[in-house]
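One structure is given below, encoded as structure tokens.
2 protein chains.
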Amino acid sequence: MKRLATTDAQFEQAFAALLNDRSSVETSVAEPVRAILTDVRARGDAALCDYTNRFDNLNLKPETIRIDADDIAREAARVPQDLVEALAVAATRIESFHRAQAPRDLHYTDSDAVTLGMRWTPLDAVGLYVPGGKAAYPSSVLMNALPARVAGVSRIAMCVPCPGGVLNPLVLAAAQIAGVTEIYRVGGAQAVAALAYGTATIAPVDRIVGPGNAYVAEAKRQVFGHVGIDSIAGPSEVVIVADAHNDARFVALDLLAQAEHDELAQAVLITDDAVFANAVIGAVEHELRTLPRAAIASRSWEDHGVVILVRDWDEAVSVTNRLAPEHLEVMLDSPEVFAAGIRHAGAIFLGRYCPEAVGDYVGGPNHVLPTSRTARFASGLSVFDFLKRTTTIATGPDGLRRIGPAGVALAQAEGLDAHALSLSARLDALTGET
Amino acid sequence: MKRLATTDAQFEQAFAALLNDRSSVETSVAEPVRAILTDVRARGDAALCDYTNRFDNLNLKPETIRIDADDIAREAARVPQDLVEALAVAATRIESFHRAQAPRDLHYTDSDAVTLGMRWTPLDAVGLYVPGGKAAYPSSVLMNALPARVAGVSRIAMCVPCPGGVLNPLVLAAAQIAGVTEIYRVGGAQAVAALAYGTATIAPVDRIVGPGNAYVAEAKRQVFGHVGIDSIAGPSEVVIVADAHNDARFVALDLLAQAEHDELAQAVLITDDAVFANAVIGAVEHELRTLPRAAIASRSWEDHGVVILVRDWDEAVSVTNRLAPEHLEVMLDSPEVFAAGIRHAGAIFLGRYCPEAVGDYVGGPNHVLPTSRTARFASGLSVFDFLKRTTTIATGPDGLRRIGPAGVALAQAEGLDAHALSLSARLDALTGET
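Protein sequences appear in the order of chains A and B.
To convert a position in the first sequence, counted from 1, into the working numbering, add 176.
To convert a position in the second sequence, counted from 1, into the working numbering, add 176.
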């Protein structure tokens, strides 16, 4: 864990190094991923089965790539009723927030007699990648599938690796609640390839979303352009801004909730009180003694944890904007005032009773958020990821007479004579008429 | 030029080949681009100058990378007044349409006493790539810069290659009208690298937009993740749906307006009348005799032009959706009826007096549009490209009591105990209070 203070003479240098460290996501798996993509594109199901056999220790055949409806129903039925109800609470709240996001079309005629419009339409088919093994989270299924359904996507194809053939009942129950029925037991770069290019069993999709490991992220990067993708997900991170009036244990648990995700996860505390900072650090150490995932969490906290001591909250705003965190908790008396100054963050959690875990599960907004400082330019998953815009222009003779001549002048200036003629031929015809 | 008819026995096969041909954008420049990016990242301005010297035949030094204000003013002043006025007409209409796009924030408290919000904020810094040489179009400068300004981006850095050191007065005049003052005389993958990673002269940006050649497109693909990018632009394309009541010459000119862009551009006519199709084909050939860019346009028309004869307009809707064209002209009596069935298109031009050239210059909607069938999942440039969303969740004790327990159950089921504790510790404290 690093300790910084804005009063340190070396603060700027140390903070810049911190920023640079988090934003340089280097990948060394480009070549093996390229080989897998090429192979799946060429050999389809056969390649998909070969890689699944090799990487997931699962002897797959084309006819068992898809998890059939009976398997889904049987596994989902094993989930205890209280968990099904918790998933339903989450699903209802996620669906409701994403419905509120839905944008409106534009349609108006302006003073030049030109009618302009912008229409939002859903994608036809979306691929959802759900990480396998210990990171197969049912909450991720809801967070990825429900915005697509709210957007009106008619086909959602889900891929989830099943190492050793073991199905995850919670993931399948979440899929059931989210209305996803097309599910394949494949993962890794090979699953991304199948979704992007299609195989005999898996029809190609238009966009692939969902978090994954370095191979999945690189595969998404490589198929980008052929299909759409969401942001490349890196390790998760939280910035917690807290004054001394907080319970140090609450803050410590929130930091650890981030740290327990992944050894590379980053938990950052920003506070104006050195004594409180020490109390939180002590509480983290205390909780680590009993936390089940202490091995992961302590590695994350030791290697990537940061405590930044600031002079005042204005400084904290500035430091936070430079970090552009995926998650930001504001545990202050007037959290809205602080949040108003934040320009870059994936999601903000306001108040002393609103830990990030609320947003991970049941808040309603999406928990798939921009990592590695990409909140500077990227946003969390939303209905917008599953919609695209078509603009429309309608001009009749009146509109063309008014705006056409400027178009002719610009087309001629750009040396695009057919462009100019396509306008001027019509304008000439109209002049002939009048 | 290919002729297809939906009544052909081989139509499905030929049409599928056509689709596949346009969507498989293979790039062979990944390795040289990777080398350039690495070099610029390591050596900054020195590498930028070296590549500019080599590729643009321009002996650049760090102090001449930026085009100074005097140069911009002097070059812009050379543009004739009528063209300045035409640029102003275009700028006003583009700005007005993009203002209408601006989305609204969300903020509401729901029945669980949870306050949810979604805020749109502009990016801090955007890089605009403007192609050089013969493809340095002032209209592109307006189309890229104005949405960023409307979104509220405070810094716009423009890169335009200037082969042989020649400045393009129209491009600089357009930049002036769009309020862009930070302009660099560099292009290619090296310019993308400078914008993404920064050099001593060019501060890094958060997102890079604008069309470019294969090197620029590949460079954008490779820096994606470190910065945001817009869609990878491929060759331009138009689909024109026209009945026999159109002037064949108008349709021919519209096809050629697409074909004159680029040898790889694609112009497609869909009609229900074989005699009219022949008339258009004849008119294309006639116009090619005098068109200044006939060499480019005839290569495009010969190699990529397509005429598709359909039985009826329902078939035309279906064929158009599968093509997912960048531009769609609907030259029918009730174009809105036809357009209502279109699910995938970048921009639609409605009516017999609304050629695509209207939208290229003065319509208002953006002319930077998704190519190569990516309108299936992508959209034209807009204010949305320069904004990102931050979601907010605020819960007090009441809200946490209502939704917290479901979160605890899900966190425990996912094996994330610190997540569960961060909720349950607060819930326990609240129980103790009451």
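In this text, a Cβ means the ideal position worked out from N, Cα and C, and glycines have one as well.
- Task: Give me the Cα-Cα distance between T182 (chain B) and T447 (chain B), rounded to the nearest whole angstrom.
- Result: Here residue 182 (chain B) is taken as the residue at index 6 of the second sequence, counted from 1. Here residue 447 (chain B) is taken as the residue at index 271 of the second sequence, counted from 1. Taking the straight line joining both Cα atoms gives about 11 Å.
- From B:E261, B:I359, B:N422, B:L348, pick the residue whose C-alpha is nearest to that of G527 (chain B); which is it? The sequence position of residue 527 (chain B) within the second sequence is 351, counting from 1. For the residues B:E261, B:I359, B:N422, B:L348, the minimum Cα distance to G527 (chain B) belongs to B:N422.
- When you compare only the Cα positions, how much space is there between G340 (chain B) and I384 (chain B)? The sequence position of residue 340 (chain B) within the second sequence is 164, counting from 1. The sequence position of residue 384 (chain B) within the second sequence is 208, counting from 1. In a straight line, the C-alpha of G340 (chain B) is about 25 Å away from that of I384 (chain B).
- For the beta strand (DSSP E) containing C335 (chain A), list its first residue and its last residue. Here residue 335 (chain A) refers to the residue found at position 159 when the first sequence is read from its first residue. Per DSSP, C335 (chain A) belongs to the beta strand (DSSP E) from 331-335.
- Given a limit of 8 Å on CB to CB distance, which residues of the stretch 462-496 of chain A reach chain B? E463, L467, P468, R469, A473
- Name the residue from B:I472, B:L499, B:A393, B:A192 whose alpha carbon lies nearest to the alpha carbon of R552 (chain B). Taking the first residue of the second sequence as 1, we reach residue 552 (chain B) at position 376. Of the candidates B:I472, B:L499, B:A393, B:A192, the one whose C-alpha sits nearest the C-alpha of R552 (chain B) is B:L499.
- Item | Closest Cα partner of L126 (chain B) within the set A:R250, A:E512, A:L213 | There is no way to answer for residue 126 (chain B), as the model of chain B reaches only from 177 to 610.
- In its own chain, which residues sit with a C-beta less than 6 Å from the C-beta of D574 (chain B), not counting the 5 before and 5 after it? The residue you call residue 574 (chain B) lines up with position 398 of the second sequence. Once the five neighbours on either side are set aside, the close Cβ partners of D574 (chain B) are A289.
- Item | Minimum C-alpha distance to A424 (chain B) - residue among B:E463, B:R254, B:R250 | Start at 1 with the first residue of the second sequence, and residue 424 (chain B) comes out as number 248. Nearest C-alpha to A424 (chain B): B:E463.
- Message: Counting beta carbon pairs with one atom in the stretch 429-440 of chain A and one in the stretch 556-569 of chain A, are three or more of them shorter than 8 Å?
- Response: no
- Query: Where in the stretch 196-252 of chain A do unbroken runs of the alpha helix (DSSP H), each at least 4 residues long, occur, reported from the N-terminal end onward?
  - Reply: 206-219, 221-232, 245-252
- Message: With H, G and I counted as helix, E and B as strand and the rest as coil, what does DSSP make of Q352 (chain A)?
- Response: In the first sequence, counting from the first residue as 1, residue 352 (chain A) sits at position 176. Helix, per DSSP.
- Mind listing the chain A neighbours of V356 (chain B)? Cutoff is C-beta to C-beta under 7 Å, in chain order. In the second sequence, counting from the first residue as 1, residue 356 (chain B) sits at position 180. Within 7 Å Cβ-Cβ: nothing; V356 (chain B) doesn't reach chain A, min ~18 Å.
- Message: On the CB-based measure, 16 or more other CB atoms within 10 Å of its CB, does N320 (chain A) come out buried or exposed?
- Response: Walking along the first sequence from the start, residue 320 (chain A) turns up at place 144. When all chains shown are included, N320 (chain A) counts as buried.
- Query: For L180 (chain A), which residues does DSSP report across the bridge?
  - Reply: One-based indexing of the first sequence puts residue 180 (chain A) at position 4. In DSSP, L180 (chain A) forms a bridge with A:I484.
- Message: Could you check whether P307 (chain A) and N542 (chain A) sit closer than 8 Å to each other, using their CB atoms as the reference points?
- Response: Taking the first sequence and counting its residues from 1, the one referred to as residue 542 (chain A) is at position 366. Taking the first sequence and counting its residues from 1, the one referred to as residue 307 (chain A) is at position 131. In this structure, P307 (chain A) does not lie closer than 8 Å to N542 (chain A) by Cβ.
- Interface residues of chain B facing D406 (chain A) [CB-CB closer than 8 Å]: On the first sequence, position 230 is the one that residue 406 (chain A) refers to. Neighbours of D406 (chain A) on chain B: none; closest Cβ ~11 Å, over 8 Å.
- Message: If you measure between the beta carbons of G401 (chain B) and I408 (chain A), is that distance less than 8 Å?
- Response: Translated into the one-based positions of the second sequence, residue 401 (chain B) becomes position 225. Translated into the one-based positions of the first sequence, residue 408 (chain A) becomes position 232. A contact, by the Cβ cut-off of 8 Å.
- Same chain only: Cβ atoms within 7 Å of V403 (chain B), ignoring 5 sequence neighbours per side: For the purposes of this step, residue 403 (chain B) is taken as residue 227 along the second sequence, with counting starting at 1. Result list for V403 (chain B): A372, V381, D382, R383, I384, in chain order.
- Task: Let me know the beta strand (DSSP E) ranges lying completely inside the stretch 423-509 of chain B, each 3 residues or longer, listed in chain order.
- Result: 442-447, 482-485, 503-507
- Message: I'd like to know whether the C-beta atoms of S476 (chain A) and E439 (chain A) end up nearer to each other than 8 Å.
- Response: Translated into positions along the first sequence, residue 476 (chain A) becomes position 300. Translated into positions along the first sequence, residue 439 (chain A) becomes position 263. Yes.
- Query: Is DSSP giving A376 (chain B) helix, strand or coil here?
  - Reply: Position 200 of the second sequence, counted from the first residue, corresponds to residue 376 (chain B). Of the three classes helix, strand and coil, the one that applies to A376 (chain B) here is coil, per DSSP.
- Task: Return yes when the Cβ of A585 (chain A) is within less than 8 Å of the Cβ of A152 (chain B), no when it is not.
- Result: For chain B, the structure presents residues 177 to 610; residue 152 (chain B) sits outside this window and is missing.
- Message: What does the Cβ neighbour count give for Q186 (chain A), buried or exposed, with the cut at 16 atoms within 10 Å?
- Response: What you label residue 186 (chain A) is simply residue 10 of the first sequence in a count that begins at 1. When all chains shown are included, Q186 (chain A) counts as exposed.
- Message: Taking the alpha carbon of I518 (chain B) as the reference point, which residue from B:V444, B:R210, B:V495 has its own alpha carbon closest?
- Response: One-based indexing of the second sequence puts residue 518 (chain B) at position 342. Selected option, being the one with the closest Cα: B:V495.
- Message: Please report the distance separating the alpha-carbon of R331 (chain A) from that of A459 (chain B).
- Response: Here residue 331 (chain A) corresponds to residue number 155 of the first sequence, with the count starting at 1. Here residue 459 (chain B) corresponds to residue number 283 of the second sequence, with the count starting at 1. Their Cα atoms are separated by approximately 43 Å.
- If we cut at 8 Å on Cβ distances, does E413 (chain B) have a partner in chain A? As a working mapping, residue 413 (chain B) is identified with position 237 in the second sequence. Answer no: the Cβ-Cβ gap between E413 (chain B) and chain A never drops below 8 Å.
- Separation of P298 (chain A) from V559 (chain A), as counted between CA atoms: Start at 1 with the first residue of the first sequence, and residue 559 (chain A) comes out as number 383. Start at 1 with the first residue of the first sequence, and residue 298 (chain A) comes out as number 122. Looking at the two C-alpha atoms, the distance is approximately 9 Å.
- Measuring only between beta-carbons, confirm whether P501 (chain A) sits less than 8 Å from chain C. Of the chains in the structure shown, none is chain C; the protein chains are A and B.
- Identify, in the order they occur along the chain, each residue of the same chain with its Cβ nearer than 6 Å to the Cβ of T228 (chain A), setting aside the five sequence neighbours on each side. In the first sequence, counting from the first residue as 1, residue 228 (chain A) sits at position 52. Once the five neighbours on either side are set aside, the close Cβ partners of T228 (chain A) are L234, L236, V362.
- Message: I want to see whether chain B comes within less than 8 Å of Q523 (chain A), judged by CB atoms only; does it?
- Response: As a working mapping, residue 523 (chain A) is identified with position 347 in the first sequence. The question names Gln, but residue 523 (chain A) in the sequence shown is Ala. So, interface residue.
- Endpoints, alpha helix (DSSP H) assigned at V399 (chain B): Residue mapping note: residue 399 (chain B) aligns to position 223 of the second sequence, counting from 1. V399 (chain B) -> alpha helix (DSSP H) spans 390-399.
- Message: My assumption, with CB atoms under 8 Å, is that D247 (chain A) sits in contact with L343 (chain A). Please give the rounded CB distance.
- Response: Against the first sequence, residue 247 (chain A) aligns to sequence position 71. Against the first sequence, residue 343 (chain A) aligns to sequence position 167. Rounded, the Cβ-Cβ distance is 7 Å, consistent with contact.
- Check the Cβ-Cβ distances between E436 (chain B) and every residue of chain A, and say whether any is below 8 Å. Your numbering for residue 436 (chain B) matches position 260 in the second sequence. So, interface residue.
- Among B:L180, B:G309, B:A193, B:G355, the one whose alpha carbon lies nearest that of H252 (chain B): The residue given as residue 252 (chain B) occupies position 76 in the second sequence. Note on identity: in this sequence residue 252 (chain B) is Ala, with His being the wrong assignment. The shortest Cα separation from A252 (chain B) among B:L180, B:G309, B:A193, B:G355 belongs to B:G355.
- What number of angstroms, rounded off, separates the C-alpha of H480 (chain A) from the C-alpha of R219 (chain A)? The residue given as residue 480 (chain A) occupies position 304 in the first sequence. The residue given as residue 219 (chain A) occupies position 43 in the first sequence. Approximately 42 Å, taken between the alpha carbons.
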